[in-house]
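First residue of the sequence shown: 1, per UniProt numbering; consecutive thereafter.
Beta carbons are placed, not taken as given, at the ideal position from N, Cα and C, and that holds for glycine.
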Amino acid sequence: MLATKEAVTGASIKKAIESRDGPMLSSFYADDALVRVIDRNNPPSKPREIHGRAAITTFWDDICSRAMSHRVDLTIAQGDNLAFSQDCAYPDGTKVFCAAMLELKDGKIARQTVVQAWDE
């Protein structure tokens, strides 16, 4: 799919995530954006940091290429901040939960923090 210029909103995030549209998700980020991932393997004291749209594109391409479903359950927007939660599932039944907080600048995602957990 080709990415289109769409505003970063709860509805556009939901649409892109649930349709596994990596190019659209990547188009939401500023060139110098930062994504921090906190999970079992990347604790708060040493989160995984993904710098720049090119690296973030690789991140989303990987996630969107996986055989799994994504459902965005809740989105909340306030000023230049957006938060959402999502449930994911692999075909084998493994579940993943994610909560994300986004900071917008000039209509693009400048910073995002992701906290996720999965079945083991």
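Sequence-distant residues of its chain with Cβ nearer than 8 angstroms to residue i (five each side left out)
{"i": "Q116", "result": "V37, I38, D39, V96, F97, C98 and A99"}
{"i": "N42", "result": "R48"}
Distance between beta carbons of residue j and residue i, contact taken as under 8 angstroms
{"i": "V35", "j": "Q112", "result": "5 angstroms"}
{"i": "I13", "j": "V72", "result": "7 angstroms"}
{"i": "A83", "j": "I76", "result": "5 angstroms"}
Sequence-distant residues of its chain with Cβ nearer than 6 angstroms to residue i (five each side left out)
{"i": "L25", "result": "A16 and W60"}
{"i": "S85", "result": "D73, L74 and A99"}
{"i": "L2", "result": "Note that L2 scores a pLDDT of 43, beneath 50, so its modelled location is shaky; the value from the coordinates is reported in the next line. Counting only Cβ-Cβ distances below 6 angstroms, and skipping sequence neighbours, we find nothing."}
Reference residue i; option with closest CA among the options
{"i": "M101", "options": "G10, N81 and D62", "result": "N81"}
{"i": "S19", "options": "T58, C64 and A83", "result": "C64"}
{"i": "Q78", "options": "K46, L104 and R66", "result": "L104"}
{"i": "M32", "options": "D119, H51, P43 and P23", "result": "This sequence places Asp at residue 32; Met is not what is there. Measuring from the Cα of D32, the nearest candidate turns out to be H51."}
{"i": "E120", "options": "D106, K46, G93 and V114", "result": "G93"}
{"i": "F28", "options": "E49, P47, T57 and N41", "result": "T57"}
{"i": "H70", "options": "A89, R53 and D62", "result": "A89"}
{"i": "D87", "options": "A30, V114 and N42", "result": "V114"}
Residue interval of the beta strand (DSSP E) (run including residue i)
{"i": "A33", "result": "Y29 to I38"}
{"i": "A117", "result": "K108 to W118"}
Where the alpha helix (DSSP H) through residue i begins and ends
{"i": "E18", "result": "G10 to E18"}
Sequence-distant residues of its chain with Cβ nearer than 7 angstroms to residue i (five each side left out)
{"i": "P47", "result": "R36, V37 and I38"}
{"i": "G10", "result": "T75, A77, L82 and F84"}
8 angstroms Cβ cutoff, residue i in contact with chain C
{"i": "G10", "result": "As a matter of chain content, chain C is missing from the structure shown, which is built from one protein chain."}
Practice task
Only counting runs of 3 or more residues, tell me where the beta strand (DSSP E) segments fall wholly within the region 45 to 98, in order along the chain.
Solution key: Taking only runs of at least 3 residues, the beta strand (DSSP E) segments lying wholly in the region 45 to 98 are 48 to 51, 69 to 78 and 81 to 89.
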